[in-house]
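Heads up, the thing below is written out as structure tokens.
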Amino acid sequence: MPPRRIPPKAGQESVWDYPRPPKLEPTTRHLRVAFAGVTVAETRRALRVLETSHPPVYYFPPEDVRLDLLERTARSTLCEFKGRAVYWTLHAGGRRSESAAWSYPHPAPGYEALKDYLAFYPSRVESCWVDGERVTAQAGDFYGGWITGDIVGPFKGGPGTWGW
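The working numbering applies: residue 6 is where the sequence shown begins, and numbers increase by one.
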């Protein structure tokens, strides 16, 4: 059984109010991803995925990502809602981060807007930012949610949360 929902304060969202299946929505928040001192992605034209018990995952339009720093890997996973994801290794400043980003080249019905947009794991880059606030990475190595002060949990991903 999941822990009790933390009641959100004014200006906050509870991940327990997010839907399942996940909701996809545009956002104009200023998002930035940095790795090895390089801005890898920056946009105000992202999409965010909201799913019960998960912090939002932000997807960047490919035009706002330094694609020259990414190399597609052989890794893929299947999301029951969004379809098959492919992964990207990030190379910058003489450093490398394996499977730091993922995308959906052929998203499932209902998620077509995600086509070729890229999401980044906050735990696999130097930093991620939302409107100037540094993001905290969602626990665990499977989900890639971005935790900010306007999101409350508890969040799935850490030890003991797989059964939620």
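Cβ coordinates follow ideal geometry from the N, Cα and C atoms, glycine included. Predicted model only: the values in this text are computed from it and were never measured.
Reduced DSSP category for residue i - H, G, I as helix; E, B as strand; rest coil
i	result
Val54	strand
Trp169	coil
Ala118	helix
Glu129	According to the sequence displayed, residue 129 carries Arg and not Glu. Arg129: helix per DSSP, three-state reduction.
Val140	coil
Cβ-Cβ distance between residue i and residue j below 8 Å
i	j	result
Ala106	Ala79	no
Arg50	Pro66	yes
Val70	Ser81	no
Pro27	Val54	yes
Phe147	Val20	no
Arg89	Leu83	yes
Extent of the continuous beta strand (DSSP E) to which residue i belongs
i	result
Lys28	Lys28 to Thr32
Phe40	Leu36 to Phe40
Val45	Val43 to Thr48
Trp107	Arg100 to Ser108
Identified DSSP bridge partners for residue i
i	result
Gly88	Cys84
Phe65	Leu123
Gly77	Note on identity: in this sequence residue 77 is Arg, with Gly being the wrong assignment. In DSSP, Arg77 forms a bridge with Trp93.
Val20	DSSP output for Val20 lists no bridge partner at all.
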